[in-house]
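Q: First the structure, then my questions, so here it is.
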Amino acid sequence: MSDTDVNEMSFEQAMAELEGVVDRLERGEVPLEESIKLYERGAELKKRCEAKLSEAEEKVAAITLDGGQATGTTPVEGM
């Protein structure tokens, strides 16, 4: 488990760490207190991944198409 602030992670970083957290929890080889910390970290990482995916979906939705060809983007509120 890294000490990196979840809010500063890229999608790929958060997903990789989340996969590691899930793997450790599924193996059940960690003490209860560490399991709780891992679960909490996993919840933060999941939230970060969902937020980054939502951002990407908004950007894709904002691409302006003309006859199937991308002609530019339109501003998305809050970006």
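Quick note: the sequence shown, position 52, residue 62 per this note's numbering, numbers continuous.
Quick reminder that beta carbons are idealized off the backbone N, C-alpha and C, glycines included.
Since the structure is predicted, the reported quantities are computational estimates derived from the model, not experimental observations.
1. Let's see if you can read the secondary structure: which residues bound the alpha helix (DSSP H) around Gly52?
2. Please say whether Arg51 and Asn17 have beta carbons closer to each other than 8 Å?
3. Mark Met11 as exposed unless 16 or more other C-beta atoms lie within 10 angstroms of its C-beta, in which case mark it buried.
4. Report yes if the C-beta distance between Leu55 and Ser45 is below 8 Å; otherwise report no.
5. When the distance is taken between beta carbons, is Val70 closer than 8 Å to Leu48?
6. Kindly indicate which three-state DSSP category Asp165 falls into: helix, strand or coil?
7. For Glu65 and Glu43, what's the separation of their Cα atoms in angstroms?
8. Report the three-state DSSP secondary structure of Glu39 (helix, strand or coil).
A: This is what the structure gives:
1. Position 42 of the sequence shown, counted from the start, is the residue given in the question as residue 52. Per DSSP, the unbroken alpha helix (DSSP H) holding Gly52 starts and ends at 42 to 71.
2. For the purposes of this step, residue 17 is taken as residue 7 along the sequence shown, with counting starting at 1. For the purposes of this step, residue 51 is taken as residue 41 along the sequence shown, with counting starting at 1. Not in contact: Asn17 and Arg51 (Cβ atoms no closer than 8 Å).
3. Walking along the sequence shown from the start, residue 11 turns up at place 1. So Met11 counts as exposed.
4. For the purposes of this step, residue 55 is taken as the residue at position 45 of the sequence shown. For the purposes of this step, residue 45 is taken as the residue at position 35 of the sequence shown. For Leu55 and Ser45, no; Cβs fall outside 8 Å.
5. As a first step, residue 48 is located in the sequence shown; it is residue number 38 there, counting from the start. As a first step, residue 70 is located in the sequence shown; it is residue number 60 there, counting from the start. Taking 8 Å as the cut-off, the Cβ atoms of Leu48 and Val70 do not count as close.
6. A query on residue 165 cannot be resolved here, the shown segment of the chain reaching from 11 to 89 and no further.
7. Stepping through the sequence shown from its first residue, residue 65 is reached at position 55. Stepping through the sequence shown from its first residue, residue 43 is reached at position 33. Whole-angstrom Cα-Cα distance: 34 Å.
8. The count along the sequence shown starts at 1 and reaches residue 39 at position 29. When DSSP states are grouped into helix, strand and coil, Glu39 belongs to the coil group.
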